[in-house]
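Residue numbers for the sequence shown follow numbering that gives the first Met the number 0, beginning at 0 and rising by one. Data first, discussion second: the structure below is written as structure tokens.
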Amino acid sequence: MRVIVLLALLASVCYSQSLKVYNLSENENIKLDGILNEAFWPKADSISGLTMVDPVEGRQAEFNTVVKVASDGKNIYLGIQCFDPEPDKIISISKTRDAYLSDEDRVIFVFDTHLDQRTGYVFAINPYGTRYDALVHNAGEAENSSWDGAWDAATQRTPVGWTAEIVIPVRILSYNPELKEWGFNFERKIERLLERDRWTGLKRDFLLGNVVHAGRLTELPDFNNGMGVSAKISTIESSNKFYDKNYSSKFDLSADLTQKFHDINAQLTINTDFAETEVDARQTNLTRFPLYFPEKRGFFLEGADLFDFGIGCGEDVIPFFSRRIGLYNGQKIPILFGGKVNGKIGGTSFGGIFTRTNSVGGLVPMSSLGVFRIKQNVLEESTIGLIGTVGDPAGKNNEWVLGTDLSYHTSKFLGDKNFTVGLWGLYNKNGLVKDRTAAGFKIDYPNDVLDMALTALRIGDGFSPSLGFVPRNGINKYSFGADYMPQPGVLDIRRWYFESSFSLITDLKNKWQYYSIFLAPINTLFESGDRIEFNIAPEGEYLPEDFEISKGVIIPKGPYDWKRFRLEAETASKRLINGIATWWFGSFYNGYMDQVSGELNLRPSNSLNIGLSFEKNIARLPEGDFTQDLVGLKFQLGLSSSIDLSSFIQYDTDSRQIGTNTRLRWMFNMMGDLFLVYNHNINKLDRLNWQYDSNQLILKFSYGLWF
């Protein structure tokens with residue numbers, strides 16, 4: 000009898016982890032309005048009764064959720080019902096496309112379209128119908144949220160919660176056409192309860208993107224991609240005015256042509272334009288080395304996860320950094336044309352980018368720049384890869400990089416834990432007669448309660464990839480971190496974070512250059528979502544030469560040791576007024592420094608978000624005192640899920656410039672965008688006087704067709 004019961008339970012579990020796709024007949028259609036009143040929805044198979052992952056792992060979800068999937072061979076449709084007995088308490092904030100939706104009610108789902116348990120697509124919406132999408136990579140440990148697919152969604156509030164209908168054209172996905180089932184998982188977040196409910200993969204150790212723990216979406220139809228061709232034309236009209244020049248205007252055309260063969264995408268871009276790209280957030284720099292700024296341009300962002308290299312490289316070694324293409328010392332370089340291909344055949348992923356950039360008189364010559372990447376699946380969840388780049392933006396000849404990396408990952412270590420090992424090595428061909436190699440490894444135990452990692456890398460003094468980002472070469476770096484994060488279930492505490500990390504940098508002869516220790520004896524997250532933290536952070540640095548940390552303030556070369564402390568408080572982002580305040584204090588080199596920073600976010604209405612950020616550094620050193628200020632003000636007005644207006648105003652004392660970037664975006668259909676962008680800059684001359692610097696007004700219209 001026990002055997003029969005056990006078999007029945009196992010059968011129930013297996014059944015609960017698969018969902019049948021309802022295949023629409025020719026006379027069955029859907030009106031995308033968020034109301035699940037089509038006659039076929041009651042006939043579709045469904046997921047119901049999710050399981051809680053947070054705050055109590057394994058408990059039945061507080062509120063019921065129903066998920067159904069249908070297809071007409073060209074599109075995937077999802078029908079979702081999110082029940083909530085107090086719909087007036089649902090938290091929905093964002094109306095801007097690609098908002099992270101991390102601090103509000105949302106549903107999020109993932110497809111493993113190759114069933115390789117390593118890659119996939121993430122889609123999410125909130126009760127406003129605001130869309131977020133991303134690519135799964137690194138076996139689900141990370142997402143590339145910069146990918147933008149052409150899909151749509153509609154939602155409705157109801158007396159018992161909210162509902163959603165979603166349409167995803169199959170042609171935006173890369174998939175294996177021979178498969179009749181995909182990996183699939185689904186998660187709902189109820190923000191006011193800080194609750195996450197999930198279909199499968201029911202441990203906090205596993206992220207939703209760990210598709211090895213996904214269920215199955217079965218009975219897929221034979222999909223029809225048509226010719227697999229899409230063409231997109233953009234027109235750009237810009238007007239510019241500088242303080243010492245007359246108005247100038249310019250009209251441009253750019254084109255993108257894409258050919259899709261199920262598993263392979265090929266794209267050609269001509270006269271590539273990035274007029275709509277948001278400006279960089281400014282940063283203060285108290286180090287001797289360049290700062291990292293992330294890529295924001297769409298052409299380079301889509302599929303960028305494939306070019307990620309080497310577990311443990313972080314921002315110390317990036318062999319391919321796409322901002323080296325089309326940008327040089329902060330100045331834009333025209334891209335005449337470019338090509339991109341990415342795809343997957345069996346267990347092999349591959350991709351490449353080639354561009355031809357124009358010359359800019361006195362700055363850079365015309366250049367051909369390229370990168371390729373290959374990753375081969377090995378074992379159950381691991382990969383081995385190869386990367387190469389060629390070309391130099393400054394026109395140097397015979398510049399290239401070649402490297403290989405191994406990423407071993409398992410989610411079954413000690414039964415059900417995550418464990419990762421990464422090994423990598425690179426060689427750089429350039430004109431330097433020095434050590435042009437770099438190599439490293441990382442051993443990682445990334446789990447919910449205990450997270451530990453050991454990293455080591457070596458960067459030769461001649462390793463300087465022309466298309467990469469290496470802020471500091473000629474070093475050895477060793478790092479270790481261990482975080483213990485229990486959930487005590489007492490005193491209204493959701494979680495304690497006991498954090499510790501150590502990092503040491505030496506030169507290639509193992510003479511110390513820098514060290515840092517970071518300890519968090521107090522870091523408490525409350526059930527309300529509020530958090531407090533106290534840190535102790537000793538640091539030390541050996542300066543090989545005098546360092547001008549600020550204009551006129553020069554710290555003499557030699558060894559320095561100092562001790563820093565941090566106090567931080569953060570309020571739950573579910574609140575209408577929320578923010579974070581941070582105070583670093585203590586010694587700094589041979590003096591003292593206070594660093595005060597914070598963010599304040601206001602939501603005066605459901606459509607308007609206002610964010611204020613600031614940073615103030617006040618240093619008192621024997622060589623002189625200095626102050627740095629950085630202020631940012633953001634406005635986001637969501638007129639609907641397809642129309643949003645945003646403005647970003649920044650000022651910093653290093654540039655002494657106020658910059659304003661204002662963007663209106665209208666996504667009038669899945670393949671059409673209209674952007675109106677206004678940039679305005681003024682310079683500070685002295686305490687009371689300002690000088691106009693530049694104005695720029697840009698109108699960009701993009702429209703595409705599928706064939």
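We put the CB at the ideal spot given by N, CA and C, even for glycine.
- Message: Distance check for Lys19 and Phe183, CA to CA, integer angstroms please.
- Response: 11 Å
- Cβ contact (3+ pairs, closer than 8 Å) linking the region 311 to 326 and the region 467 to 482: yes
- Message: Contact defined as beta carbons within less than 8 Å: I believe Ile324 pairs with Thr356. What is the distance between those atoms, to the nearest angstrom?
- Response: Taking a contact as a CB-CB distance under 8 Å, the pair Ile324 and Thr356 counts as one, their CB atoms being some 7 Å apart.
- Does DSSP put Ala274 in a helix, a strand or coil? coil
- Task: Would you kindly report the start and end of the unbroken beta strand (DSSP E) that includes Leu401?
- Result: Trp399 to Phe412
- Message: In this structure, how does DSSP classify Val169 when only helix, strand and coil are distinguished?
- Response: helix
- Query: Using the C-alpha atoms, what's the distance from Gly461 back to Leu663?
  - Reply: Rounded to the nearest whole angstrom, the CA to CA distance from Leu663 to Gly461 is 45 Å.
- Which residue from Ile609, Ser639 and Ile657 puts its Cα closest to that of Asp628? Ile657
- Is the beta carbon of Asp443 sitting closer than 8 Å to the one on Leu422? no
- Query: Thr652: which of Ile617, Glu622, Val359 and Gly346 sits nearest, CA to CA?
  - Reply: The alpha carbon of Thr652 has as its nearest neighbour, out of Ile617, Glu622, Val359 and Gly346, the alpha carbon of Ile617.
- Residues of its chain near Asp491, where Cβ-Cβ distance is below 6 Å and the 5 sequence neighbours each way are ignored: Phe525 and Glu526
- C-alpha distance - Lys202 paired with Asp447, whole-angstrom precision: 9 Å
- Do you know how far the Cα of Asp71 is from the Cα of Asn26? 10 Å
- What separation, rounded to the nearest whole angstrom, lies between the Cα atoms of Leu193 and Gly480? 27 Å
- Would you mind giving the Cβ-Cβ distance between Ala98 and Thr129, rounded to the nearest angstrom? I have them listed as a contact below 8 Å. In this structure Ala98 is in contact with Thr129, their Cβ atoms being roughly 6 Å apart against a cut-off of 8 Å.
- Nearest to Leu252 by CA position, among Asp529, Ile263, Asn264 and Ser237, is which residue? Ser237
- Using CA coordinates, which residue listed in Leu401, Asn396 and Glu380 is at the minimum distance from Ile386? Leu401
- Determine the closest residue to Phe440 out of Ile232, Lys428, Ala455 and Arg195, with distance taken between C-alpha atoms. Per the Cα distances, Ala455.
- Reduced DSSP secondary structure (H/G/I, E/B, other) of Glu190: helix
- Sequence ranges, beta strand (DSSP E) only - wholly within the region 49 to 109, length at least 3: 50 to 53, 64 to 70 and 74 to 82
- To which residues of the same chain is Gly539 closer than 6 Å at the C-beta, ignoring the five residues directly before and after it? Correct list, in chain order: Tyr514 and Asp560.
- Have a look at the DSSP bridge pairing and note the partners of Pro717. Only positions 0 to 706 of the chain appear in the structure, and residue 717 is not among them; the question remains open.
- Message: How far does the alpha helix (DSSP H) with Leu300 in it extend, from its first residue to its last?
- Response: Gly297 to Leu300
- Is the beta carbon of Lys179 less than 8 Å from the beta carbon of Glu218? Contact: yes.
- Is the beta carbon of Ser596 sitting closer than 8 Å to the one on Lys562? no
- Mind checking Arg105: buried by the 16 CB within 10 Å criterion, or exposed? Of the other Cβ atoms in all chains shown, 16 or more fall within 10 Å of the Cβ of Arg105; this residue is therefore buried.
- Below 6 Å CB to CB, which residues in the same chain sit around Met592 once its five sequence neighbours on both sides are set aside? Exclusion of the five residues before and after Met592 leaves Ala618 as the residues of its chain whose Cβ lies within less than 6 Å of its Cβ.
- Item | At least 3 beta-carbon pairs within less than 8 Å: the region 350 to 370 vs the region 326 to 336 | yes
- Task: Measure the beta-carbon distance from Gly390 to Ser465 and round it to whole angstroms, keeping in mind my assumption that it falls under 8 Å.
- Result: Right, the Cβ-Cβ distance comes to about 7 Å (below 8 Å), so this counts as a contact.
- Contacts around Pro86, its chain only, beta-carbon distance under 8 Å, and the 5 residues preceding and following it disregarded: Arg156, Thr157, Pro158, Val159, Gly160 and Trp161
- Query: Which whole runs of the alpha helix (DSSP H) in the region 296 to 330 are 4 residues long or more, in chain order?
  - Reply: 297 to 300
- Where Arg686 sits in the DSSP three-state scheme: coil
- Query: What's the gap between the Cα of Trp511 and the Cα of Gln282?
  - Reply: 27 Å
- Pairwise C-alpha distance: Lys699 and Tyr677: Approximately 12 Å, taken between the alpha carbons.
- Message: My assumption, with CB atoms under 8 Å, is that Met669 sits in contact with Asp44. Please give the rounded CB distance.
- Response: That pair is no contact at about 27 Å.
- Task: Quick one: residues in its chain with C-beta nearer than 6 Å to the C-beta of Ile310, no 5 flanking neighbours on either side, listed in chain order?
- Result: Excluding positions up to five away in sequence, the list reads Ser406, Gly421 and Lys441.
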